[in-house]
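The structure appears below as structure tokens.
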Amino acid sequence: MLKFTRDRDIIVQIEVWAFHDFNEGHWEKNPWRPSNNTSYDSSNTTLRASYGNIGRTAHDFFFTVPKLNNDRVMLSYQQKFVDKILSCSLRYGHVLYCMTNEIHPQYSPEWGWYWSKYIKDKSAAVGRQVETTEMYWAQKLLHIFQDR
2 MLKFTRDRDI
12 IVQIEVWAFH
22 DFNEGHWEKN
32 PWRPSNNTSY
42 DSSNTTLRAS
52 YGNIGRTAHD
62 FFFTVPKLNN
72 DRVMLSYQQK
82 FVDKILSCSL
92 RYGHVLYCMT
102 NEIHPQYSPE
112 WGWYWSKYIK
122 DKSAAVGRQV
132 ETTEMYWAQK
142 LLHIFQDR
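Take the position in the sequence shown, starting the count at 1, then add 1; the result is the number in our numbering.
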């Protein structure tokens, strides 16, 4: 698909982490959930078996980076996931990388900053320059001039 979008001069946004896929009701089926895979478990990562509404209760998946919980086991699998994405996308120059879709304000920006730097460093290592972004959750999108 990236070849076809490149040929048509269409910019593609890759959402690296889909925040809502980790929320209650989705986490039970999520392949990152320790009980849904054989690579790690709750005893060697910070991930728990269940989480409530992650808009109100923090999900450990989004705290694995070094400046937060530094969960090296989980982070190594997250890096492999991102490396796989990049192995398919870096040959194309029309891709925007969005770190997380609608991440809530109680989550540290360190998460997105880490992944942005990781992707930019990997890209630079193969002579590519990429653009990254983050999409924050906001219930009220008010501008200072809106009330005038």
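Glycine included, every Cβ here is placed at the ideal spot set by N, Cα and C.
The continuous alpha helix (DSSP H) containing L87 extends over residues 73-90. Every alpha helix (DSSP H) stretch that sits fully inside the stretch 94-140 and reaches 4 residues is listed by chain position as 111-126. N102 is not a Cβ neighbour of A50, given a cutoff of 7 Å. Around the CB of Q14, fewer than 16 other CB atoms lie within 10 Å, so the residue is classed as exposed. Here E16 carries a strand assignment [DSSP, helix/strand/coil].
The C-alpha of R92 lies about 35 Å from the C-alpha of I55. DSSP places K30 outside any alpha helix (DSSP H), giving it a letter other than H or E.
Considering only N45, W33, D84, the residue with the shortest C-alpha distance to F62 is W33.
Where D8 is concerned, the enclosing alpha helix (DSSP H) starts and stops at 3-8. T6 has its alpha-carbon roughly 8 Å from the corresponding atom of H95.
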